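Below you'll find the structure, written out as C-alpha cells, and then a few comments.
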Amino acid sequence: MTEHALQTAHFAREAGAPEALVLAALLHDIGHLLERLPADIADWTADAHHETLGARWLAERFALEISEPVRLHVAAKRYLCATDPNYLAKLSPASVHTLKLQGGPMAAATVARFERERYFSEAVQVRRWDDEGKVADLRTAPLESYAGLITRFARLA
Numbered sequence: 044m045t046e047h048a049l050q051t052a053h054f055a056r057e058a059g060a061p062e063a064l065v066l067a068a069l070l071h072d073i074g075h076l077l078e079r080l081p082a083d084i085a086d087w088t089a090d091a092h093h094e095t096l097g098a099r100w101l102a103e104r105f106a107l108e109i110s111e112p113v114r115l116h117v118a119a120k121r122y123l124c125a126t127d128p129n130y131l132a133k134l135s136p137a138s139v140h141t142l143k144l145q146g147g148p149m150a151a152a153t154v155a156r157f158e159r160e161r162y163f164s165e166a167v168q169v170r171r172w173d174d175e176g177k178v179a180d181l182r183t184a185p186l187e188s189y190a191g192l193i194t195r196f197a198r199l200a
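For the sequence shown, this note's numbering gives the first residue as 44, with consecutive numbering after it.
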C-alpha cells in the first residue's frame, strides 16, 4: 500500500503537478488504511468506499484541493471507462473487478454531472497516476520526504 502511494505521488511530482495535487496523489488510498481491511480487499464482493472514508478524514485536516480529488478518484475511473475507449483495456484484473463493484462505467448523464464537479480534472489526473503507480521495484522518494509537504498543507489545531 505504501509503495503504491509513493509511486502515485512520484508520478504526480514527475508531471510537475502542484504540491496540493501531489499530496492528494500520495494520500488517495488513505481510506484503505482507515478501514483496516485485509490486503485481499480487491477479491471481496462488496465495495468498501475507501474514497469516501479517506476524503472525510482528509477534509478534517486539509483543504478541499486535497480531499476532493481523493473523494472523486474512484468516480474518475468510472468516468474514464465511459469516455476513453482505450482506458478499460489498460486496467489490471483487480481494477476491473473493483470497477464492477463500484458501479461500472458511468452512464452519459452521470458523465455530465461528474464533469461539473469542481475538482473533476484533478480527480482524473490522480486516477491516471493511481493507475501508473503499480510498477514493481520502482525507486521513489521515501515517505519521509513528504513530511514538509504534509506539514505545510495540514490544518493543525
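Even glycine gets a Cβ: it sits at the ideal position worked out from N, Cα and C. Because the structure is a prediction, the values reported are computed rather than measured.
Distance between residue j and residue i (C-alpha atoms, nearest Å)
i	j	result
residue 149	residue 165	18 Å
residue 108	residue 66	10 Å
residue 198	residue 115	21 Å
residue 105	residue 131	32 Å
residue 145	residue 78	17 Å
Per-residue DSSP class, three states only, for residue i
i	result
residue 184	coil
residue 103	coil
residue 154	helix
residue 66	helix
residue 134	coil
Neighbour-count burial assignment, residue i, 16 or more Cβ in a 10 Å radius
i	result
residue 180	exposed
residue 120	buried
residue 61	exposed
residue 113	buried
residue 110	buried
Selected residue, minimal CA-CA separation from residue i, among the options
i	options	result
residue 93	73, 101 and 103	73
residue 174	51, 159, 129 and 59	51
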